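Undergrad: In our numbering, the protein residues as written are -18 to 62.
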Amino acid sequence: MDRQELELFRQEFSEYYDDHVVVTDLDSMGNMVVYTSPYKSFDEVILYLCEHLPYTIHFDDHLDIYLYQFGTNGCIRLGIN
C-alpha cells in the first residue's frame, strides 16, 4: 500500500472513530499513530477498537496502529493482518 492510500485510510479511520480518537497520523515507516480522546477511558477505547476494527476495516496489507492515551507516552500496538 502506498503513502497516498495510507493517507486516505487514515482520514477514513479518523472520521469513523471520531468519538474515540482526537489525532491520527502516519509515521515515516507507514504505521498509523493514534491519540485517543481524553474524554473516554483508554481501556474502553482499546476494547471498542478491537471489537469493531475487524468489521469496519477490510485491509489486505499489514498495518500497525500505535494507540496512545492522550497526554502519555505509553502506547498499545494493534496489528491488522
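Ideal Cβ placement from N, Cα and C applies to all residues, glycine included. As the structure is a prediction and not an experimental result, all values here were calculated from the model.
What does DSSP give as the partner residues of residue 46 in its beta bridges?
TA: 13, 59
Undergrad: Excluding the five sequence neighbours on either side, which residues of its own chain have a C-beta within less than 8 Å of the C-beta of residue 3, listed in chain order?
TA: 16, 17, 18, 19, 51
Undergrad: So what does DSSP say about residue 53, is it helix, strand or coil?
TA: Three-state result, residue 53: coil.
Undergrad: Kindly list the residues whose CB is nearer than 8 Å to the CB of residue 62, restricted to its own chain and excluding five residues on each side of it in sequence; keep chain order.
TA: 40, 41, 42, 43, 44
Undergrad: Could you tell me if residue 30 is buried or exposed, where buried requires 16 or more neighbouring beta carbons within 10 angstroms of its beta carbon?
TA: buried
Undergrad: Taking all protein chains shown into account, decide if residue 13 is buried (16 or more other Cβ within 10 angstroms of its Cβ) or exposed.
TA: buried
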